[in-house]
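Comments concern the structure below.
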Amino acid sequence: MSGEDSGGTGPRGDTGPVLPPADGPLVGVRLPDGQRLYAVVRGRRKEADGSWWYDLRIHLPSQGSQRGRLLALPAAVDFRAPAGVCEPLDGQPYDRVPTERHGVAPPWKVEEPVYFTGDVGPSRIVHRGDCRAVRDVSRPATAAQARGVLARPDAAPCPVCRPDRPLHATA
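Per our numbering, the sequence shown runs over residues 352 to 522.
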């Protein structure tokens, strides 16, 4: 998104900037010094003060090696930016971006427990969104996603909040 970008033919045949390939929707980001770049939107969050912030990712060149030969390899850099410096781009699927709101618990969570001893349990544990028994990394889930996880043989419902009861009752 530099001033040298003369545009071109976009993905739908329209004129505009030619966007780089990405693993998610892109936004234009205005940096404090006035430069502009493209970043992949990984998530967005409404904070307690009412402001919106975007979780973004860019890839920068980084040094790597292969068989003793130095290479320039892409390195992912994640950062958070206020919505005011993020410029939406036409044709990007922002409706699929995970959205969180401060103080609002998701309806369900899927925990991915980490086991450090020989005592290994389920690889996924489904919780109600407000369950406090979550100990490891968890991600929000819809009812359909939570049911899908519970259907797996390597998953289990939380023994504290028992999400399987309402999930199976509404199936």
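Glycine residues also receive a C-beta, built at the ideal position from the N, C-alpha and C atoms.
Computed from a predicted model, the values in this text were never measured in an experiment.
Using only the alpha-carbon positions, how far apart do residue i and residue j sit?
i, j, result
"tyrosine 466", "alanine 506", "14 Å"
"cysteine 437", "tyrosine 405", "8 Å"
"valine 485", "valine 369", "43 Å"
"valine 378", "glutamine 386", "14 Å"
"leucine 518", "glutamate 451", "22 Å"
"phenylalanine 430", "proline 439", "17 Å"
"glycine 442", "aspartate 374", "15 Å"
"arginine 483", "leucine 388", "40 Å"
"cysteine 512", "aspartate 446", "30 Å"
"glycine 499", "proline 458", "15 Å"
"alanine 494", "proline 510", "18 Å"
"arginine 475", "glycine 469", "17 Å"
"serine 413", "arginine 420", "14 Å"
"proline 383", "arginine 503", "47 Å"
Would you call residue i buried or exposed, if buried means 16 or more other Cβ atoms sit within 10 Å of its Cβ?
i, result
"glutamate 463", "exposed"
"serine 489", "buried"
"arginine 479", "buried"
"leucine 501", "buried"
"proline 372", "exposed"
"alanine 497", "buried"
"valine 471", "exposed"
"alanine 492", "buried"
"valine 380", "buried"
"proline 508", "buried"
Residue i and residue j: beta carbons closer than 7 Å?
i, j, result
"alanine 456", "aspartate 487", "no"
"valine 391", "arginine 418", "no"
"histidine 410", "alanine 427", "yes"
"valine 461", "proline 514", "no"
"proline 376", "proline 444", "yes"
"alanine 350", "histidine 453", "It is not possible to answer for residue 350, since the shown part of the chain is limited to 352 through 522."
"proline 449", "glycine 394", "yes"
"tryptophan 403", "alanine 423", "no"
Going by DSSP, name the residue or residues bridged to residue i.
i, result
"serine 416", "Leu421"
"valine 378", "Ala390 and Pro439"
"arginine 475", "Ala506"
"alanine 432", "Tyr405"
"glutamate 462", "Ile476 and Ser489"
"histidine 410", "Ala427"
"threonine 450", "Arg395"
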